[in-house]
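Count along the sequence shown from 1, add 44, and you get the number used in my numbering.
In this text, a Cβ means the ideal position worked out from N, Cα and C, and glycines have one as well.
Here's the structure, in C-alpha cells; my notes come after.
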Amino acid sequence: MELDREDFELFERMHPDCFHLAFEHDVVKPGAREDEDCGDPACPNGA
C-alpha cells in the first residue's frame, strides 16, 4: 500500500482510538461492533 503526503498527514493526525476503530478493530475480530472489545490490548473498549 502506498500513501501520498496527504494520506500520511491524515493518519498522523488521527486520534489513536479513531484509528483503531477505523482500521484495526474489525481485523482483530471480524464483525465486532464498535462498542465491544475486539480483544486487542489497544482497543479503547477493553479498558
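Residue burial classification, residue i (beta-carbon count within 10 angstroms, cutoff 16)
i: Cys62; result: exposed
i: His69; result: buried
Among the options, the one whose alpha carbon lies nearest that of residue i
i: Cys87; options: Leu65, Met58 and Pro74; result: Leu65
Cβ-heavy atom distance, residue i to the ligand GTP, below 8 Å
i: Met58; result: This structure lacks the ligand GTP, and indeed carries no ligand of any kind.
6 Å Cβ shell around residue i - same chain, five flanking residues per side excluded
i: Glu78; result: Leu65
i: Arg67; result: Just to set this straight, residue 67 is Phe in the shown sequence, not Arg. Excluding positions up to five away in sequence, the list is empty.
i: Asp84; result: Val72
Cβ-based neighbour list, residue i, same chain, cut-off 7 Å, excluding 5 preceding and 5 following
i: Asp81; result: Cys87, Asn89 and Gly90
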